[in-house]
Amino acid sequence: MNKYQKLIQLIKKNSFSIISQKVHDSQSGWNGESLVIKDGAVPIFDLSVNGYCFDDDSVDKALDAVEDYLENKNMTSFDAFKEWVDAHKE
Numbered sequence: 156m157n158k159y160q161k162l163i164q165l166i167k168k169n170s171f172s173i174i175s176q177k178v179h180d181s182q183s184g185w186n187g188e189s190l191v192i193k194d195g196a197v198p199i200f201d202l203s204v205n206g207y208c209f210d211d212d213s214v215d216k217a218l219d220a221v222e223d224y225l226e227n228k229n230m231t232s233f234d235a236f237k238e239w240v241d242a243h244k245e
């Protein structure tokens, strides 16, 4: 399975969505579009890197971000558990 198929499979399997959001840079007048992978209301990764660049590198970064997100969400590693403990200790 190639990286495109893997990312699509992760998005479908976990019922994530890809939301398109218009972006505008008021200083330059530039307009673009962000493509954000979301889990409900939780943004996971911006495929377009804030509307500037949607390319092959985005897929590699998105795969890493989605896999990290799922690892933390599903508590599938000690590192994920440790991160949760660190965030919740008093």
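In the working numbering, the protein residues as written are 156 to 245. Beta carbons: idealized from backbone N, C-alpha and C, even for Gly. Bear in mind the structure is a predicted one, so any value in this text is a computation, not a measurement.
Under a Cβ-count criterion, where at least 16 other Cβ atoms within 10 Å of its own Cβ denotes burial, should Phe233 be classed as buried or exposed?
Exposure of Phe233 is indicated by the presence of fewer than 16 other C-beta atoms within 10 angstroms of its C-beta.
Tell me, please, which residues DSSP counts as bridged to Phe175.
First, the amino acid is wrong: residue 175 is Ser here, not Phe. Its beta-bridge partners are Leu190.
Spatially closest choice to Ala196 from Ser203, Ser172, Gly184, by CA coordinates
For Ala196, the closest alpha carbon among the candidates Ser203, Ser172, Gly184 is that of Ser172.
On a Cα-Cα basis, can you pick out the residue from Gln182, Ile192, Asp180 that is closest to Ser170?
Out of Gln182, Ile192, Asp180, Ile192 has the C-alpha closest to the C-alpha of Ser170.
Can you have a look at Ala217 and say buried or exposed, based on whether 16 or more other CB atoms are within 10 angstroms of its CB?
So Ala217 ends up on the buried side.
Coarse secondary structure for Phe209, derived from DSSP in three states
Note: Phe209 maps to coil in three-state DSSP.
Would you list the residues sitting across from Asp201 in a DSSP beta bridge?
Partner(s): Val191.
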